[in-house]
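If you count the sequence shown from 1, position 66 lands on 66 in full-length UniProt numbering, and the numbers rise without skipping. Working notes, structure below.
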Amino acid sequence: MLFADSVSVDGRHGVICPPTTVRVERGEVVLVVAEPALSRTALSLVLSGRMKPSSGTASWEGKDSLKLLRKHSALVDSPEINAPEPHLKVRDLVAEDLSLVPVPIWRKRGIDSWLNQHGFSEVASEWVDALDPLTRLDIMARLSEEYHQVRLSVFDSPDRHRLEDSSWLDLLEAMAQSRRKPAVVAVVSRVPDDWHGPVFFMGEQDVEPQMHLPHDSAHAQDDADVGEHAVHEQAGQNQDAEQTVAIDALLGEHEDTEHIEVDAAADGDEPDGPKHKSEDPGPEPVEQNAGGTEPDHEPQHLAPPADEAPPAPAEPEATQAEPARETEPGEHAQPHDPAINPKPETTSRGEDTK
1 MLFADSVSVD GRHGVICPPT TVRVERGEVV LVVAEPALSR TALSLVLSGR MKPSSGTASW
61 EGKDSLKLLR KHSALVDSPE INAPEPHLKV RDLVAEDLSL VPVPIWRKRG IDSWLNQHGF
121 SEVASEWVDA LDPLTRLDIM ARLSEEYHQV RLSVFDSPDR HRLEDSSWLD LLEAMAQSRR
181 KPAVVAVVSR VPDDWHGPVF FMGEQDVEPQ MHLPHDSAHA QDDADVGEHA VHEQAGQNQD
241 AEQTVAIDAL LGEHEDTEHI EVDAAADGDE PDGPKHKSED PGPEPVEQNA GGTEPDHEPQ
301 HLAPPADEAP PAPAEPEATQ AEPARETEPG EHAQPHDPAI NPKPETTSRG EDTK
């Protein structure tokens, strides 16, 4: 197991890599996100035991020994460190790397034998810079496995080749599940969308990695999240439906009330509410006092209809004046003019003096 505890790298003018913690078991693939490219390379050198950290420790199998870590680790495709030169052909690249494997000469692998075994015979005469990026990365990964003591492989920026994320991730996972089950670390610039495993970040010192669960992942956790989201969405829809039903019910009751009021008005029944006074209220009823007798004032006399003869006026008392003569039906009232119609004299009994 690799355990890098708060390792950092200081440059001439500043910090290249702030304190970072990384932990990986054999047979496991972890990603470490770091920016910029210089920081990724510096962190890759520390994790593979090629460079001593400015602070912190990097141990292998619980032993804080830089020599032991370097013996059991391999740095793969690091820019400006051990990335293949573009002017080499595939055969030359394989021959150079196989010659560096520390085994007795009688145990060294032949170039053609190695190319045939791994299926690279067809590209043996190709230039390295003309190779497909995934094929070149595969060649570099398989050459690192020729070191029999290697139990840790550190890839420096495998995402820089403009490959599909799933392609180089599959290559790393297949390498971790090979016969030796090495621990695999990839120092990358970002977390791929297809990745669903542990992730460490430069500058963070958490011992436990973060688990990256993409939105479109087909794993059980994503299915559970999608299911939970669907449940919440369905609950929200049900709640909206209940609110809609309640609003419709209220609107229905309001409409029924309006219909009842309209029907009552049509039947002649006035709905409840403020009543307006009639334009012609008619004569006011005669009130009686508490004793049941008529009030002291006399009731008003209404004018008789035009087609009926006026009733004989009641004889007024001596103290009251006789009311003016009313106009007979068909008789036109004449204006009062003393010269034409002198005012008749009245007696004490109210009779006219001819």
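Think of the CB as a built atom: it goes at the ideal place given N, C-alpha and C, for glycine as much as any other residue. Computed from a predicted structure; not experimentally measured.
Endpoints, alpha helix (DSSP H) assigned at residue i
i	result
ARG136	133 to 144
ASP150	The identity of residue 150 in the sequence shown is Val, whereas the question assumes Asp. No alpha helix (DSSP H) contains VAL150, which DSSP labels as neither H nor E.
VAL46	37 to 47
Range of the contiguous beta strand (DSSP E) that encloses residue i
i	result
ILE111	No beta strand (DSSP E) holds ILE111; the alpha helix (DSSP H) holding it covers 111 to 118.
VAL9	2 to 10
VAL191	VAL191 -> no beta strand (DSSP E), and no H or E assigned at all.
Interface flag, residue i vs chain B, CB-CB below 8 Å
i	result
GLU126	Going by chain labels, chain B is absent from the structure shown, which holds only one protein chain.
Three-state secondary structure (DSSP) of residue i
i	result
ASP165	helix
VAL207	coil
GLU317	Note that GLU317 has pLDDT 49, beneath the 50 cutoff, so the model's placement of it is unreliable and the number below is only indicative. It is coil, neither helix nor strand.
PRO158	helix
ARG23	strand
VAL33	strand
SER55	strand
TRP195	coil
GLU261	Any reading at GLU261 is ruled out, since the residue's pLDDT is 49, under 50, leaving its predicted position unreliable.
VAL184	strand
VAL123	helix
VAL128	helix
Rounded Cβ spacing between residue i and residue j (contact assumed at less than 8 Å)
i	j	result
ASP77	MET140	5 Å
SER65	VAL154	Going by Cβ atoms, the distance from SER65 to VAL154 rounds to 17 Å, so no, they are not a contact pair.
LEU2	SER44	LEU2 to SER44, Cβ: 12 Å. No contact.
ALA4	VAL46	7 Å
ALA42	SER157	Contact flag wrong, Cβ pair sits at about 12 Å.
ARG26	PRO209	With a Cβ gap of about 15 Å, ARG26 and PRO209 do not count as contacting.
PRO134	LEU100	In the sequence as displayed, the identity of residue 134 is Leu instead of Pro. Not confirmed; about 24 Å, so no contact.
ARG160	VAL33	So it is not a contact: roughly 14 Å between Cβ atoms.
LEU143	SER73	Actually they are not in contact, since the Cβ atoms of LEU143 and SER73 sit about 15 Å apart, beyond 8 Å.
Next on the checklist: List, from N- to C-terminal side, the beta strand (DSSP E) runs of 3 residues or more that fit wholly inside the region 59 to 100.
Outcome noted: Unbroken beta strand (DSSP E) stretches of 3 residues or longer found wholly inside the region 59 to 100: 73 to 76, given in chain order.
Checklist entry - Given 8 Å as the limit, is there contact between the region 46 to 59 and the region 90 to 107, that is, 3 or more CB pairs closer than that? => result Segments in contact, no.
Next on the checklist: Using a Cβ distance threshold of 8 Å, determine whether the region 191 to 211 contacts the region 10 to 22, with at least three qualifying pairs required.
Outcome noted: yes
Checklist entry - If we count Cβ pairs, one from each stretch, closer than 8 Å, do we get three or more for the region 163 to 174 versus the region 114 to 124? => result no
Next on the checklist: Can you confirm whether the region 126 to 138 touches the region 78 to 87 when touching is taken to mean that 3 or more C-beta pairs between the two stretches lie within less than 8 Å?
Outcome noted: yes
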